[in-house]
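Some notes on the structure that comes next.
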Amino acid sequence: MGKAGGSISNDIRALRFAANEMTQQALADQVGVTRQTIIAIEANKYSPSLEVAFRIARVFGVPLERVFRYEGSAD
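Now the structure itself:
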């Protein structure tokens, strides 16, 4: 079996700007996490829990797949 690999990317920054230039702090407040968490998620340095991912999508009123993408390897 090959080693599983892949990465999660997101469009949070673009969604924030489309939402009246929402600040990272405003998003963090609505999702219930810290601004530092939003910064790390936006920079693809941290993958949120499924619950947090759904909360972020709900804030923007879009499906989860509009916020996050998973690019996995074919291994």
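Following our numbering, the numbering of the sequence shown begins with 276 at its first residue and continues without gaps.
Just so you know, even glycine gets a beta-carbon here, dropped at the ideal spot from N, CA and C.
No experiment lies behind these values; they were computed from the predicted model shown.
- About 7 Å separates the Cβ atoms of Ile316 and Asn285, confirming a contact at the 8 Å cut-off.
- In its chain, beyond the 5 residues on either side, Arg291, Arg310, Ile313, Ile314, Glu317 have a beta carbon closer than 8 Å to the beta carbon of Gln299.
- Between the alpha carbons of Glu346 and Glu340 lies a gap of roughly 12 Å.
- For Glu296, there is no enclosing alpha helix (DSSP H), since its DSSP letter is neither H nor E.
- Distances from the alpha-carbon of Phe343 to those of Val308, Ala328, Gln305 put Ala328 closest.
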